[in-house]
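In the working numbering, the protein residues as written are 462 to 757. Before any comments, here is the structure.
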Amino acid sequence: MMKNIYKTLLLLTLSGFVFTSCDEDAGNTGESIVDYTKTGATVSTPDNNITVSESDAYASGDDIMIPFTVTLAEATTASAVIDLVQTGGTADSDDYAVSNVMITPGNTTATGYIAIHSNGYIEGTETLELTARSRANFNINDFVMNITIDDDYVNDHLDLDLVWEGSFTGEVGDGAELTLDFCTMDFDILIFDENLQDTGIYGGATGSCPEHVSLSGLPDGLYYIVVDLYENPLAAIINANGTIGVPLSLSWGQEYFDDVAGNLVYNGFTTDDTSGTFPIATVTVENGYMYTVAPY
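What follows is the structure, given as structure tokens:
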């Protein structure tokens with residue numbers, strides 16, 4: 462009886478070896494019979510270390526474009542997409558943009574561009590490190606590009622907008638209804654110095670409605686924003702409703718400087734006025750580009 466028990470245990474043990482061996486063969490993870498080799502990709506640029514001027518970009522009105530080229534060792538049957546990604550430096554997406562490169566099947570080369578922007582923020586000198594990355598199975602060379610963005614451009618333009626758009630509908634002397642278009646009146650923006658002398662800046666004296674002027678290059682100091690009524694054809698109209706007020710709205714802003722923005726309303730003019738020159742706000746200039754605007 463004991464011998465039969467030993468035989469049974471021995472058979473079960475041997476069976477376990479057999480089943481284990483079969484399972485190992487079924488999940489074999491040894492070398493594949495497929496011989497796969499990644500295609501090589503080379504990224505290149507005329508200069509891997511370059512310095513550009515942000516102020517030059519502003520002066521030209523266009524981004525500074527830096528080309529880079531991707532070349533495959535051989536054409537493939539699938540599209541190859543190569544990106545340049547930021548791996549270092551102090552610049553951010555406000556300072557640059559990079560186009561990805563796609564090499565379509567049957568081709569071996571394509572060109573992309575790094576665009577350096579002029580954004581007007583106070584930033585000083587910035588750096589940018591870009592490294593090549595593949596979205597698929599390509600062996601890319603160790604491409605790293607270092608860009609220095611120098612000669613920081615700072616926006617020194619203060620934009621002023623004077624608006625008096627609107628109308629009034631009422632009766633004239635004979636009882637007929639008449640609509641008065643406030644834009645018929647011609648208001649101008651003048652800039653006076655701290656002694657209330659005209660600086661001769663007439664960018665906002667165009668006869669437009671509304672008026673716009675962009676201030677820049679002013680020496681440091683105190684200035685006055687002055688509104689001048691140049692012409693008013695409405696003053697000749699007999700209005701049975703009496704004098705009609707014409708509100709003027711002055712708004713200001715400096716792009717890239719969120720805290721330099723505001724608005725005020727001046728109610729000193731009516732449809733009966735034929736002329737008038739009044740300061741409505743002050744502007745203080747510091748360091749050539751720092752503006753503080755306040756109601757007069």
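Every residue, glycine too, gets a C-beta built ideally from N, C-alpha and C.
Residues of its chain near residue i, where Cβ-Cβ distance is below 6 Å and the 5 sequence neighbours each way are ignored
i	result
residue 489	Unreliable positioning characterises residue 489 in this predicted model, as indicated by a pLDDT of 47, which lies under 50. The coordinate reading is nonetheless provided below. Around residue 489: no qualifying Cβ.
residue 630	640
residue 718	none
residue 722	714
residue 739	688, 729
residue 528	572, 574
residue 525	513, 518, 577
residue 511	608
Reference residue i, options the options, closest by Cα
i	options	result
residue 695	687, 686, 731	731
residue 554	737, 648, 589, 618	589
residue 613	600, 538, 724, 577	577
residue 433	551, 558, 516, 564	Residue 433 is absent from the structure shown; the chain starts at 462 and stops at 757.
residue 665	679, 658, 687	687
residue 753	667, 526, 604, 619	619
residue 604	532, 734, 503	503
residue 608	599, 615, 552, 662	552
residue 661	530, 669, 649	649
residue 508	591, 579, 550	591
residue 743	652, 531, 693	652
residue 692	675, 674, 670	670
residue 672	716, 597, 621	621
residue 724	532, 756, 533, 587	756
residue 735	751, 690, 750, 716	690
Distance, residue j Cα to residue i Cα
i	j	result
residue 548	residue 522	28 Å
residue 626	residue 606	53 Å
residue 520	residue 727	36 Å
residue 741	residue 585	35 Å
residue 501	residue 570	12 Å
residue 677	residue 582	16 Å
residue 542	residue 561	7 Å
residue 506	residue 567	23 Å
residue 704	residue 698	11 Å
residue 546	residue 601	13 Å
residue 711	residue 572	48 Å
residue 487	residue 535	Confidence in residue 487 is poor, its pLDDT being 44 and thus under 50, which makes the residue's placement unreliable; the coordinate value appears in the next sentence. So the two alpha carbons sit approximately 37 Å from each other.
residue 668	residue 679	24 Å
residue 748	residue 684	15 Å
residue 720	residue 515	23 Å
residue 610	residue 530	21 Å
residue 593	residue 659	57 Å
Close beta carbons around residue i, own chain, < 8 Å, minus the five adjacent residues each side
i	result
residue 638	630, 631, 632
residue 682	654, 655, 745, 746
Where residue i falls: helix, strand or coil (DSSP)
i	result
residue 755	strand
residue 520	helix
residue 488	At residue 488, the pLDDT of 46 sits below 50, so the modelled position is not reliable; the number obtained from the coordinates is stated separately. Residue 488 falls in the coil class under three-state DSSP.
residue 643	helix
residue 536	coil
residue 695	helix
residue 515	helix
residue 541	strand
residue 722	strand
residue 716	coil
residue 666	coil
residue 628	strand
residue 594	strand
residue 529	strand
residue 599	strand
residue 505	strand
residue 549	strand
residue 604	coil
Chain-order list of residues whose beta-carbon lies under 7 Å from that of residue i (same chain, five-residue window excluded)
i	result
residue 707	625, 643, 646, 730, 731, 732
residue 628	640, 641, 642, 643
residue 623	648, 650, 665, 671, 672, 688, 709, 711
Identified DSSP bridge partners for residue i
i	result
residue 557	577
residue 567	Bridge partners of residue 567: none, in fact.
residue 742	686, 756
residue 657	According to DSSP, which records beta bridges pairwise, residue 657 is partnered with nothing at all.
residue 706	731
residue 617	Note: residue 617 sits in no beta bridge, so no partner.
residue 675	620
residue 681	In DSSP, residue 681 forms no bridge with anything.
residue 610	513, 587
residue 760	Outside the shown range of the chain (462 to 757) lies residue 760, about which nothing can therefore be said.
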